[in-house]
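Structure first, then comments.
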Amino acid sequence: MAQKKQTYNQAIAEIEEILDKMENEELDVDELSDKVKRVSELVRFCRTKLKNTEEEVEKVLKEMEE
Amino acid sequence: MAQKKQTYNQAIAEIEEILDKMENEELDVDELSDKVKRVSELVRFCRTKLKNTEEEVEKVLKEMEE
Amino acid sequence: MAQKKQTYNQAIAEIEEILDKMENEELDVDELSDKVKRVSELVRFCRTKLKNTEEEVEKVLKEMEE
Amino acid sequence: MAQKKQTYNQAIAEIEEILDKMENEELDVDELSDKVKRVSELVRFCRTKLKNTEEEVEKVLKEMEE
Amino acid sequence: MAQKKQTYNQAIAEIEEILDKMENEELDVDELSDKVKRVSELVRFCRTKLKNTEEEVEKVLKEMEE
Amino acid sequence: MAQKKQTYNQAIAEIEEILDKMENEELDVDELSDKVKRVSELVRFCRTKLKNTEEEVEKVLKEMEE
Amino acid sequence: MGQEAISLFQLNQKIKGVLDDALLHSLWVKAEIGELRVNRNGHCYLDLVEKDDFTDQLIARSRAMIWAQNYRMLKAYFESTTGQSLNTGLKVLIKVTVQFQEVFGLSLIITDIDPSYTMGDLARKRREVLMRLEEEGVLEMNKELELPSVIQKIAIISSPTAAGYGDFVNQLENNPYGVKFYHQIFSAIMQGEKAEQSIAGAFEKVFEYVDFFDAVVLIRGGGATIDLLCFDSYWVAYHISQFPLPVITGIGHERDESVADMVANEALKTPTAVAAFLIERAGQFLDFIDEKALLMTEMARDFILQEKRRTEQIAASYVPGVKMDLQRRSNRLERLIGKFPVSASLRIGEENGRLNRVKESVMHAGGQIIKGQKIALQHFRQNLLYLPGHKLANEHQKMRFLENTVRLNDPVNLLNKGYSLTYHNGKLVKRVAEVKQGDVINTRFCDGELSGKVEAVNVKNKK
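What follows is the structure, encoded as structure tokens:
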């Protein structure tokens, strides 16, 4: 999956889907470690995205308040 | 969008649309900074337009008096 | 049966099926010893798989925390 | 009858057939001792089979616990 | 008649035949003692056979218990 | 007529034949006493035969009870 | 021509005499004011007219006057009651006395006026205008235009010299929000007969710049006069209602709304009120914008915070989740393993039990067979003990019977009883006819024989 095109929402949705499956024991043990890796990756992606967005937004808001 | 033609009403409508989406959490984190920028732009546009003298308008008024 | 393609879930399902049959006396004594061997094999497979997965997951989690 | 190919189930079926005949007094005295011998043989066969299976189960369990 | 080949059932059948004839007085006095001897002999044969069978069964059952 | 070969049944048959003739008065008085003698003889023969048979039977039965 | 004539004075004296005799005083007369002027002394001179209702042609005309003293009183009374100045074009109900003076001719002296008649007439006219506008479907047209959020470019229709206009412009330019208003006056006469046409003309000029302006403000330049008839007129109302920009009125009136107010997009009492309205609206817009900007700021921050929390929550929860999953699986596997020996040995135990039951069955069923056979043999033996003896006994009895039968038939027994046998030539004689007289016969008895000759033969009669 090309990470560039992935959105935050897609990432969250994917994480939730995986966590759901985990809870409902729909995941095979075989998939588990892959999925854990995937979630880790997605969480990292979300954090970065949030951090960047926050910085951008704050910058804009600062400018607006001046 | 041509700024000249944009009216306050359109600006207001756009701002409200964006805020509505925000309130209804229809906004992606991905879109957030773009949308914040847009609102900021619109607010700045409205303020400037309201408070500053527009030469073009003055010119038209001048012509009218002649 | 090619063990490589077998998933953990399938293995557990097979174990449960065999136990069910044992309890419901659907197993011949003739099959019993074969099935006992099969369960042993499956249990070993499951344990190994669980252990490996656990290790992999731990590794991923370690990496994430860094 | 080649005892190697005989299954536990077949043995049990034969025992039950003989017992049925005995109970319904369909057996001659002439056959009686032969049939009783046969039952004895079958029971011994079944017991051996059971014992072996039990040993195998024990063995597997030993292995599993390691 | 070779006694070795005689079965218990045949013996019983012969006994019953002779006794039937006796009852229906189809027997000559001339035959009587011979037939009585024969029945006696047959009964002895049957008893022996029964005794042997009983012993054999007991033996087999003993073996089974071991 | 060789008495040895005479059977009880033949004897009875002869007696009955003679008695038949007697009753139908087919017998001359001259024959009559001869025939009476004959019957007497035959009856004695029969009695002896019966006695012997009885003894033999008794003997066989005695043996049987032992 | 020597015709007799009277002088003009004489004639006028005669007319005056006729009119005086006619007692034409204190009459209530309905008329329209054709012209009205007040002279230096404060006397009011009017030209009263009556027009045909349909053709609008003049059908009567008369001069009239109100004495200065009376005029001051009547004027104040009329204006305070009607809210209208007593002026040309009004229909009035007046109390008059007809006066004829030799020099000035006929004149009506007005002594009283009934303002309610004029009010009724004005109201009727207004109603007519409104009805006409409604019929034409234009009554609500200007009202239906949307007032822009900010009215920044304003076309002012007013009298440029009026104090009201100056105040209005001042007020706009010095607004507390610092909003820049653009305004352009389109001057018009705001009262009197020419007002109607003048205002209409101003609207037509504004129309040339219709795309430029946000709205039209119609304000009356102030002044003492309360001549507002033009604002009830059809043409002014028609221009306002059909105008493609929203029209805001600030005409300044004390009584009923004028027709112009009724058809305008927004009607305010005074030019000051209009300025305040415009300033307030712009201010509200600024507030609104600022409010939205603030709201957005809050929401954006909240949103980011919320998403951060969510992400961190996920990050925090999934690790234990995964571990729990593994633990659950491990537990399940161990449970299965735990069940396994129990199930297997239960199964084996069941089979052992089954085999044990086999032995019991064998013992029972086999014993049953042997026991049955034993009984059968016993039965055979009993039959054997009984049957031969029975047979032999029968035979013995048979022998006894046979013996008896023989014995009974033995001739010796007959001889013994006294019967005898007679022989002739060694042959037993069974019939008397078998022998003849003289034959030698032997008769046997039980204990010997007698020999003799036959002496007579007596044959018995047939039986």
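Protein chains in written order, with numbering that gives the first Met the number 0: chain A, 0 to 65; chain Z, 0 to 65; chain X, 0 to 65; chain E, 0 to 65; chain B, 0 to 65; chain C, 0 to 65; chain H, 0 to 462. Using N, Cα and C, we set each Cβ at its ideal position, and we do this for glycine too.
Per DSSP, what are the beta-bridge partners of residue i in this structure?
{"i": "Cys45(Z)", "result": "Its beta-bridge partners do not exist; DSSP assigns none."}
{"i": "Leu384(H)", "result": "For Leu384(H), which the question treats as bridged, DSSP gives no partner whatsoever."}
{"i": "Asp111(H)", "result": "Lys94(H)"}
{"i": "Ile11(X)", "result": "Ile11(X) pairs with nothing; no bridge assigned."}
{"i": "Glu30(X)", "result": "Per DSSP, none; premise fails for Glu30(X)."}
{"i": "Phe185(H)", "result": "Ile156(H)"}
{"i": "Tyr422(H)", "result": "Leu427(H), Asn441(H)"}
{"i": "Lys50(H)", "result": "Leu57(H)"}
{"i": "Thr248(H)", "result": "Leu217(H), Ala266(H)"}
Applying the 10 Å Cβ sphere with the 16-neighbour rule, what's the burial state of residue i?
{"i": "Asn141(H)", "result": "buried"}
{"i": "Ala455(H)", "result": "exposed"}
{"i": "Ser419(H)", "result": "exposed"}
{"i": "Val341(H)", "result": "exposed"}
{"i": "Asp19(C)", "result": "exposed"}
{"i": "Val209(H)", "result": "exposed"}
{"i": "Tyr164(H)", "result": "buried"}
{"i": "Gln190(H)", "result": "buried"}
{"i": "His464(H)", "result": "As displayed, chain H neither begins before 0 nor continues past 462, which places residue 464(H) out of reach and without an answer."}
{"i": "Arg43(C)", "result": "exposed"}
{"i": "Val59(C)", "result": "buried"}
{"i": "Ala223(H)", "result": "Because Ala223(H) sits at a pLDDT of 46, beneath the cut-off of 50, its placement in the model cannot be relied upon, and the following sentence gives the value as read from the coordinates. That one is exposed."}
{"i": "Glu135(H)", "result": "exposed"}
{"i": "Gln9(H)", "result": "exposed"}
{"i": "Val273(H)", "result": "buried"}
{"i": "Ser79(H)", "result": "exposed"}
{"i": "Phe284(H)", "result": "buried"}
{"i": "Tyr281(H)", "result": "According to the sequence shown, residue 281(H) is Ala rather than Tyr. The residue in question, Ala281(H), is buried, as its Cβ has 16 or more Cβ neighbours within 10 Å."}
Pull up the CB-CB distance for residue i and residue j, whole angstroms please, since I reckon it's below 8 Å.
{"i": "Asp289(H)", "j": "Val258(H)", "result": "40 Å between Cβ atoms; not a contact."}
{"i": "Leu217(H)", "j": "Gln83(H)", "result": "Incorrect: roughly 19 Å between the Cβ atoms, too far for contact."}
{"i": "Ser39(E)", "j": "Thr52(B)", "result": "The pair is not a contact, with the Cβ atoms about 14 Å apart (cut-off 8 Å)."}
{"i": "Val35(B)", "j": "Tyr7(C)", "result": "About 15 Å separates the two Cβ atoms, so there is no contact after all."}
{"i": "Thr81(H)", "j": "Thr117(H)", "result": "6 Å"}
{"i": "Leu49(X)", "j": "Ile14(X)", "result": "Rounded, the Cβ-Cβ distance is 13 Å, inconsistent with contact."}
{"i": "Phe185(H)", "j": "Ala154(H)", "result": "6 Å"}
{"i": "Pro270(H)", "j": "Asp166(H)", "result": "6 Å"}
{"i": "Lys15(H)", "j": "Phe99(H)", "result": "5 Å"}
{"i": "Lys90(H)", "j": "Asp46(H)", "result": "Actually they do not touch by this definition, with Cβ atoms about 14 Å apart."}
{"i": "Ile336(H)", "j": "Met21(E)", "result": "About 43 Å; that fails the 8 Å criterion."}
{"i": "Asp94(H)", "j": "Ser25(H)", "result": "Note that residue 94(H) is Lys in the sequence shown here, rather than Asp. About 6 Å separates the two Cβ atoms, so the contact holds."}
Does residue i come out as helix, strand or coil in the three-state DSSP assignment?
{"i": "Asn23(B)", "result": "coil"}
{"i": "Glu31(H)", "result": "strand"}
{"i": "Asp260(H)", "result": "helix"}
{"i": "Val17(H)", "result": "helix"}
{"i": "Phe242(H)", "result": "coil"}
{"i": "Val321(H)", "result": "helix"}
{"i": "Ser106(H)", "result": "strand"}
{"i": "Lys416(H)", "result": "coil"}
{"i": "Asn441(H)", "result": "strand"}
{"i": "Met64(H)", "result": "strand"}
{"i": "Ile52(Z)", "result": "Going by the sequence as given, residue 52(Z) is Thr instead of Ile. Coil, per DSSP."}
{"i": "Ser450(H)", "result": "strand"}
{"i": "Ala223(H)", "result": "Low local confidence applies: a pLDDT of 46 at Ala223(H) is under 50, so the model's placement there is unreliable, and no value is given."}
{"i": "Ala375(H)", "result": "helix"}
{"i": "Tyr44(H)", "result": "strand"}
{"i": "Val434(H)", "result": "coil"}
Using Cβ-Cβ distances below 7 Å, what residues of the region 11-31 of chain B are close to chain C?
For the region 11-31 of chain B, which is checked against every Cβ of chain C, the residues closer than 7 Å are Asp27, Val28, Asp29, Leu31.
According to a CB-to-CB cut-off of less than 9 Å, which residues of the region 36-51 of chain X neighbour chain A?
Of all residues in the region 36-51 of chain X, Cys45, Lys48, Leu49, Asn51 have a Cβ within less than 9 Å of some Cβ in chain A.
Closer than 8 Å, Cβ to any Cβ of chain X: which residues of the region 331-347 of chain H, in chain order?
Arg331, Leu332, Leu335, Ile336, Lys338, Phe339, Ser342, Ala343, Leu345, Arg346, Ile347
Tell me which residues of the region 395-407 of chain H have at least one Cβ-Cβ distance to chain E shorter than 9 Å, keeping chain order.
none
For the region 136-151 of chain H, which residues have a CB atom closer than 9 Å to at least one CB atom of chain G, in sequence order?
Structure shown: chain G not included; protein chains present are A, Z, X, E, B, C and H.
Using a Cβ-Cβ cut-off of less than 9 Å, list which residues of the region 306-317 of chain H approach chain A; keep chain order.
Glu306, Lys307, Arg309, Thr310, Glu311, Ile313, Ala314, Ser316, Tyr317
Would you list, in chain order, the members of the region 187-206 of chain H that have their beta-carbon closer than 8 Å to a beta-carbon of chain A?
Taking 8 Å as the upper bound on Cβ-Cβ separation, chain A lies near no residue of the region 187-206 of chain H.
Report the residues of the region 364-392 of chain H with a CB closer than 8 Å to any CB of chain C, ordered along the chain.
Arg380, Leu383, Leu384, Pro387, Gly388, Leu391
Positions along the region 53-65 of chain B whose CB lies within less than 8 Å of some CB in chain E
Glu55, Val56, Val59, Leu60, Glu62, Met63
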